[in-house]
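Those protein sequences? They're chains R, D, Y and W, same order as listed. Position 299 of the first sequence, counted from 1, bears residue number 299 in the UniProt record's numbering, the numbering being contiguous throughout. Position 401 of the second sequence, counted from 1, bears residue number 401 in the UniProt record's numbering, the numbering being contiguous throughout. Position 215 of the third sequence, counted from 1, bears residue number 215 in the UniProt record's numbering, the numbering being contiguous throughout. Position 41 of the fourth sequence, counted from 1, bears residue number 41 in the UniProt record's numbering, the numbering being contiguous throughout. Glycine included, each C-beta is placed from N, C-alpha and C at the ideal position. The structure presented is a predicted model; accordingly, all values stated were derived computationally and were not measured.
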Amino acid sequence: MTALTLLPFFPLFSFLILIIFSKRLNWQLATVIALSGVGLSFLASVLLINDLYAVSQSSDISAGVRESLWTWFMLGEHEVQVAFFLDPLSAVMIAVVTGVGWLIHGFAAAYMREDENYSRFMAYMNLFICAMLILVLADNLVLLYLGWEGVGLCSFLLIGFWYQEPGNAIAARKAFIVTRIGDTLLALGLFYLFLETNTLNIQEILAQQDSSPLSSEAAWWIALLLLGGAVGKSAQLPLHTWLPDAMAGPTPVSALIHAATMVTAGVYLIARMQGVYLQAPDILNLVAWTGSLTLLIAGIAALAQEDIKRVLAYSTMSQIGYMMLGLGAGANVAAITHLMTHAFFKALLFLTAGAIILAAHHQQNIFHMGGLLKRMPLISILFVIGIAALIAFPGTSGFVSKEAIIGQLWQSPTAGPAFWWMAILGAFITSLYSFRLVFITFFGQYRGQHELHPQRHFLLLVPLCMLAVLAILGGYIPTNLEQVFVAVDAPDSQSPSWLHSVAIGLPLVAIVVAYVIYFPRANATEPVPGKGSLYRFSRNGLGFDATYDALLVKPFVKLAKLNRHDAIDLLVQLISWNAFTWNSAAKAIQSGRLRWYAATLGIGTIILLLGVML
Amino acid sequence: MKLAQFIAIAPELILSLAIVMQLLLIALKRSQHGIAFFTMSAILLALFAHYPAMTQVNSAVTPLIYVDVFSLTLKVLILSCTLVAVWVSYGYLRSAVEFHDEYYVLLLLAVLGANILVLANHFAAVFLGFELLSLSLVGMIGYLHLRQHTLEAGFKYLILSATASSIMLLGMAFVYGATGELSLAYQVPGQQNLRLLGQAGLVLIMVGFSFKLSLVPFHTWTPDVYQGAPMPVTLLLATVSKAAMFAILVKFWLVSAIFNNETLQVLLLSIAIASMLLGNLLALTQKNIKRLLAYSSIAHMGYLIIVLAIQSQQSVAWALKSGVFYILVYILATLILMIYLAGRSKAHGVHDQDDWRDWQGMIWRRPAHGACLILALLSLAGIPLTAGFIGKFYLFTVAIENQLWGAIAALIIGSGIGLYYYLSIIFCILAKPPVTQCQTVAVSGGSFTISHTTVMAMLTVIIIALGVFPDILASQLMFQSEQIPIIFNEAALKSEW
Amino acid sequence: MILTNIIAILMLVALVSLIIGSKFSRSLPYLAAGSVVLCFFLLARFASNNHDIFHQAMPLLSVPWITSLGIDYATFIDSLSFILVALTLILALVCILVSVNEIQHHHNFYYFNLLTALAGIIGVFAAADLFLFFFFWEVMLLPMTALIAIWGHENRRYAAIKFFIFTQVSSLLMLVAIIIMAFIHQQQFGEISFNYFDWQRLNLSMPLQYWLMLGFFIAFAVKLPSFPFHTWLPDAHTQAPTAGSVLLAGVLLKTGAYGLMRFVLPLFEQATVEFAPIAIALGVISIIYGAVMAFAQSDFKRLVAYSSISHMGFVTLALFSFSSIAYHGAIVTIVAHGLSSAALFSMAGILYQRLHTRELSKMGGLFASAPRMGGMLLVFVAAAFGMPGLLNFVGEFMTLTGTFASHPVATVLAATAMIGSAIYGMYLFQGSFQGKPHAGVQIADLLAHEWLLCGLLFALLLYLGLFPQSLLMHFEAIYPAANITVTGGKL
Amino acid sequence: MIDIPITHVFMISALLFCVGFIGVLARRNTLFMLMSLEVMLNAVGLAFVGAGSLWQEADGQIMFILILTLAAAEVAIGLALLIRMQHQRHNVDVDGLSQLRG
């Protein structure tokens, strides 16, 4: 039982304590328990990562630490174990989960202070951290699936935390069910994988790919099914519709689950199973497509949002799109790095947004803000830092990771110039909507009804500042991920020299454009002009929701309700009805008339006589 | 006539003697109780007379009568039922103002007829027993002349049974014409030119018995007569008469060679199947318990005569055993219900208490009665823990051994339908008791005494005991060919006469 | 002897409570619970003393019963029956706990029925003689029907009659098949026999074997229940008192699965292989149909009832895919569904006692007043939709993994139920506990005995969900049948 | 004397029987029903006598005598019921007797 195996259990214990004594704990006590739960696991993971580096420095082989607890169940000969595996990839993940998670917990403690169910909230948050750690540390796919479902459940609980608003409950259900579709695909992937490789242990599977690789068809299917799971969790096309609605949850939740950690699980999964994906280049290409389309569509949708959190949600989708694109293009290291940096700056953005919302009495419409730069300068600065990282402003962490991704697109065997262009376009749109947000929110006059009440609690501010630092410098944190991934040999065809400058320059151009378009309208209370159909179309997320509703949800519900009385049962009732009709018919025989009875006697006799004669 | 033969038919002699003495007794002194107790003791004596009779099995007393284990068993059964009937009738009639001595005379006559029928080995004996039974039953059905229903019931029974028996007699005449033999044992297919005549005769005889066993399509009289007759008489009809008819049918089937014929079996099976289905269907929505029992008896007799459709010699013994066991179980269950009904009714009431909806909530008001009735109904429905299930199980074994798939299907469907009305009654008994007291006259009042409860309880115990340990009885029922003269064999069965 | 003792104890206590119970109706639950615990203790001690029951079947008491037909009172025990009997006893405790406040009238007769039903069910799992099996099979129906008909809800009579006729008619088919088997044994080995172990020697010609198999299968499919024969179940479950529903869903349905495992698969290998496609189709249809129907319901118990159909479909699927992984999955699913559905029905009962309604539309927002109850309900719903870490997940996962090899399409279809179960699960939880609370709806949170039963079930689900091996390790050696037919299935 | 073929005898009796049976069906007056019963029984008697003569036995005639006694008994009971009917309903229309049904 070393630190590795303990890692997920710290938050679990704090969860148990919090949930059991939920109402009896006052704010301080609950905070201490919740923070210590996550904090301990953060410290533990720091220690672990140090050890890991020590090991990997000493030996050049891709090192991994494995700790097995017990055999969960047997699939034929194969033992499915409850075992944890730590390698640079999962190291990055646990660092992000526990580190960013810790900071967000701190913020949440201040943010949710007034809530009557405070300790229940913190309990859910801790449970989420536990599940997420299991997900990223799992050494076999079944245990990963456990974490996978666990984070889904926690996300459900936290989105619907204020369960009394019907809207929240619906959003929570939507999030759970849509991701569940992905989960089912993932499960099918596991079945197929087990059928082919007769194991579900990740390292064994990857090892097999060197010795006896999967048949291309099998690999094709498996990769596709796993991708299905990934797009569900990571809110990529076509299963992305749940994420914007998920913003119904408290803002720290959006920061932790729907920006920093859970939504990147899909990226983690694909990166983890890279060995399998290499057997199925078509699917890698598909991954690239998924990512690029998502990042464009999400960007366009973000341009038209009026709710600050929805803007950030769509930008999250598009950023994860970049990660997917990177994975598809074989830029795994860059993708994971972007995952990390994105966790930093997106958490920062959400939390600052949360601070603003808190100050503005839960007003989330950006057109009722404005002029915040003067009124809450610190928050605004932090927010702008986040934005800078988001648009990959040179010198920020976002720049490091995103440029790395884009740089590898042009000559990647599975991607290519088309994807490069899409990525660039995406970057352009990103800075466009980012600065639309910035200009409308922070400049001009304050347009809200209520007076602003900025909170000054240290738990609110300290995490923000630390995140800001990370958002700037986070890109330079050493992650020797190189040992994890099989390097994709790039063809030596030289990519044009102007690529780089364009990639850097375009976002900056976009700022100017945004200034031209949006700054004049910094005082608008209405998103004019172009409140036309196109605007509404993109505000509604390009009509995906409507389509799914019409094509899937409504028919299903109709069908179900139509047959709610169970057609088969009618069949049964038909039989009984039949019996009763026969009964009433037979009663006619018993007319009580003596002469009729005598007649039946005679008829019966004649029938029998005929029977024997013939 | 040697002494041995007298011993063999001692029960019948005792009964006949008792009848004469009853008349003398009536002439001497009219007493409600005296005659009843005399009748009972006579029947008891007749019952005990079976012990010596046991020693004389397989002895022919004149060409008319043949004593064998099978008939002795059924006679014991019949006499025991009669005993119960007499006792019930006593309670039932006691309340009336006038004397009812003749009733008991008729009753004994009926039983004597039944016994002769069971013993009969000759058309003449069959005829005598048959008519003795039916005529005295007519007298008893119409006995309570103050009720208007009894008249109708009696008249219907008179006309229809007279018609039926004359049909049967015609059949006998035809058979006699065809074979020149009136005794069952020696009848063999006669000359070719009279084949048709003989066949017609057999069918007509079958009609006669089907009428008495109330098999479809000769069942129509059953519900009306059951309902119209005084409760104790209904009891006799349902038990004694059925048992006797079953016995004689078995004799015709297994002892007389000419009945040993495939076409007849097909006819019989079709009749049986029709009875199972129609009987249950008719009972489905019946609210009057007497009529319901009539309908269910139709179905049960249908189940019962499956045992006659046997295909091979070695299954005869098993079939007979199953048949006897089944009819015994059927009679036990019917007795419980009818004793209860008779106990709840009075001779001078306008009609008997025969609407089962009045039983609502009985289990909570009178747990003992409720339990007995429920178990009786379960036994009729053939649910395990009760003897009824074992009986049905035996029937299944016979049917399967002889591969009567059609009958099996009908049996399953029939009992499926049957469950519905048995369960409805049971649930009615289990339901919450009605708030108003007036509805529950059927659950109280009448000539009901503690003795009724005791007898019902005893019978219920027997049902359970047989249901859990059928061997205690089944191992006693031995009908190998050495105990009963069976000329049945499959060779003859298949042969075209 | 052990199982006979358990049956005897239960019967005895039943009679005692019936006779003297009317005086001390308050103390009856303790009496019943005490007897159940005693039985469980006996069973546990027996199992610990002779471990070899987990490796091969161990014949127990056997005495001649109906000699003329060679029928014995013969019982035996092996790991399958052991696990099921243990499950029965655990759920018996749950039944008694939920009955404490619910049953208002005729306590003595109630506990009589409850205990006799338990005795009957245990008898079914214990019988080594097919006649005895059928005997118990029917005996367990009577008290069950009485429970529904007397202590049920508004529409109880209809439900009870439907339940009884369905099972009775189907089991008559099985009876016919049983008798035919006995006669076949007579033809092949001289003497007639209803003994299970004798029957394993029979060799049955093909068309005949198929019909016999059908005779058994239909009876078990009705109990299971499988798709076309399921309609008795929603009514029975909905109308039954809580304990009745728990018993029905928790154990009675399992007798169907047990029958398939014990008789259909081992005795009619060839026929089952031929029949497998149909059976699997039925299984898949029940899985999906049940899930969809569950979503369509607005009645708490009815919803859970349909979900049971969906879950038992997994068992059919697993058993007829002839893979030993799936076979183990089926065993896990049986136990898992036994516990989780029992838990959900108890929840329904607990809510009904407070709200006097089963309509979800009349609930909602209860989380505010009863958070702990809500938490428990969430856990049990999570179990029902296969949350990893709880037992149901292991069952479904193993089933589908095992099935995928031989029937990928069926598996994919069945897997959609994972979505379906999430849908109706969320619908159930949110409909009852989330959303705006109705005006003035304030319910008491879990009481002590309710805590006890929820805790018990949750602990079991969690423990077995994390350590399912403790359940499965005994099933390696035995049941060659499953593996033999694997080869047959692959042919 | 000319001997009649036995089949004719049976035919006659059958016909007679049918006449009686139809009488039972057709007549609503109870008295006539009883009479029709008699006719049927006599038809049977004829058949027995015929059969007896065919086999040169006395059994036929014996059966006939038994049947006569039966007929007498039947009529006795029948008439008794008839009188009751007259008392109760003041008519002897058999169709009146149909309260028991269903």
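task = Quick one: residues in its chain with C-beta nearer than 7 Å to the C-beta of residue 338 (chain Y), no 5 flanking neighbours on either side, listed in chain order?
result = 87, 91, 250, 251 and 254
Task: Presumed contact (8 Å Cβ cut-off) between residue 340 (chain D) and residue 290 (chain D), rounded CB distance - done: No, residue 340 (chain D) and residue 290 (chain D) are not in contact; Cβ-Cβ is about 12 Å, not under 8 Å.
* Asked: To the nearest whole angstrom, what separates the beta carbons of residue 45 (chain R) and residue 94 (chain R), a pair I think is in contact under 8 Å?
  -> 4 Å
* To do: Measure the alpha-carbon distance for residue 88 (chain W) versus residue 98 (chain D) and round it to whole angstroms.
  => 19 Å
What are the complete beta strand (DSSP E) segments, minimum 3 residues, inside the stretch 307-343 of chain Y?
-> none
Got a sec: is the Cβ-Cβ distance from residue 95 (chain W) to anything in chain D below 9 Å?
no
Helix, strand or coil at residue 442 (chain D) according to DSSP, with G and I counted as helix:
Unreliable positioning characterises residue 442 (chain D) in this predicted model, as indicated by a pLDDT of 49, which lies under 50. The coordinate reading is nonetheless provided below. Residue 442 (chain D): helix per DSSP, three-state reduction.
Would you say residue 32 (chain W) reaches chain D, if we count a Cβ-Cβ gap shorter than 9 Å as a contact?
no
Next item on the list: Hey, could you find the ends of the alpha helix (DSSP H) residue 72 (chain Y) is sitting in?
Entry: Counting along the chain, residue 72 (chain Y) falls outside any alpha helix (DSSP H), though it belongs to the beta strand (DSSP E) covering 71-77.
* Asked: Could one say the Cβ of residue 401 (chain D) lies closer than 9 Å to chain B's Cβ atoms, at least one of them?
  -> The question asks about chain B, but that chain is absent: this structure's protein chains are R, D, Y and W.
* Do the stretch 134-146 of chain D and the stretch 45-54 of chain D meet, that is, are 3 or more Cβ pairs less than 8 Å apart? -> no
Check your understanding: Straight-line CA distance for residue 227 (chain Y) to residue 286 (chain Y)?
Key -> 5 Å
(message) At a CB distance below 8 Å, what residues from the stretch 158-179 of chain Y approach chain D? Give them in sequence order.
(response) 160, 161, 164, 165, 168, 169, 172, 173, 175, 176 and 179
- With 9 Å set as the bound, which would you pick, yes or no: does the beta-carbon of residue 98 (chain W) sit closer than that to a beta-carbon of chain R? yes
Could you run through the stretch 145-162 of chain D and flag, in chain order, every residue whose CB is less than 9 Å away from some CB of chain R? Answer set for the stretch 145-162 of chain D: 152, 155, 156, 159 and 160.
Can you give the Cα-Cα distance for residue 409 (chain D) and residue 608 (chain R), rounded to whole angstroms? 22 Å
For the stretch 297-313 of chain R against the stretch 267-287 of chain R, are there 3 or more C-beta pairs whose distance is under 8 Å? no
| Sorted by chain position, which residues of the same chain lie with C-beta nearer than 6 Å to residue 33 (chain W)'s C-beta, five sequence neighbours on each side aside? | 24 and 27
(message) Between the alpha carbons of residue 281 (chain D) and residue 177 (chain D), how many angstroms are there, rounded?
(response) 40 Å
- [ ] For residue 179 (chain D), count neighbouring Cβ atoms within 10 angstroms of its own Cβ and tell me buried if that reaches 16, exposed if not.
- [x] Buried, because 16 or more other Cβ atoms sit within 10 Å of the Cβ of residue 179 (chain D).
- Roughly how many angstroms lie between the CA atoms of residue 339 (chain R) and residue 476 (chain R), to the nearest whole one? 13 Å
Just the chain W side, please: which residues come within less than 8 Å of residue 599 (chain R) by C-beta, in chain order?
25
Problem set entry | As assigned by DSSP and simplified to three states, the class of residue 147 (chain D) | coil
Leaving out five residues on either side along the sequence, give the residues of the same chain with a beta carbon under 6 Å from the beta carbon of residue 150 (chain R). Here the set comprises 131.
Report task. Please confirm whether residue 342 (chain D) and residue 88 (chain D) have their CB atoms less than 9 Å apart. Result -> In this structure, residue 88 (chain D) lies closer than 9 Å to residue 342 (chain D) by Cβ.
Hey, is the stretch 145-164 of chain D in contact with the stretch 210-219 of chain D, meaning 3+ C-beta pairs nearer than 8 Å? yes
Original post:
Applying the criterion that 16 or more other CB atoms from any shown protein chain within 10 Å of the CB defines a buried residue, is residue 381 (chain Y) buried or exposed?
Top reply: Around the Cβ of residue 381 (chain Y), a 10 Å sphere holds 16 or more other Cβ atoms; the residue is buried.
Item to complete: Let me know if residue 392 (chain D) comes out buried or exposed under the rule of 16 or more other beta-carbons within 10 Å of its beta-carbon.
Response: Classification of residue 392 (chain D): buried, given that the 10 Å Cβ count is 16 or more.
(Q) Checking the sheet assignment: what are the DSSP bridge partners for residue 65 (chain D)? (A) Residue 65 (chain D) is bridged to D:61 and D:120.
task = Classify residue 417 (chain R) as helix, strand or coil using the three-state DSSP reduction.
result = helix
Buried or exposed: which applies to residue 91 (chain W), given that a residue is buried once 16 or more other Cβ atoms fall within 10 Å of its Cβ? In summary, residue 91 (chain W) is exposed, with fewer than 16 beta-carbon neighbours lying within 10 Å of its beta-carbon over all protein chains present.
Classify residue 51 (chain D) as buried or exposed, calling it buried when 16 or more other Cβ atoms lie within 10 Å of its own Cβ. exposed
(request) With a floor of 3 residues, list each beta strand (DSSP E) that falls wholly inside the stretch 400-468 of chain D, ordered by position along the chain. (result) none
Residues of chain D with CB closer than 8 Å to the CB of residue 612 (chain R), please, in chain order.
199, 200, 202, 203, 263, 264 and 267
Do residue 300 (chain Y) and residue 428 (chain Y) have their C-beta atoms within less than 9 Å of each other? A contact, by the Cβ cut-off of 9 Å.
**Item:** Per DSSP, the bridge partner or partners of residue 322 (chain D)
**Value:** Paired residues: none, contrary to the question.
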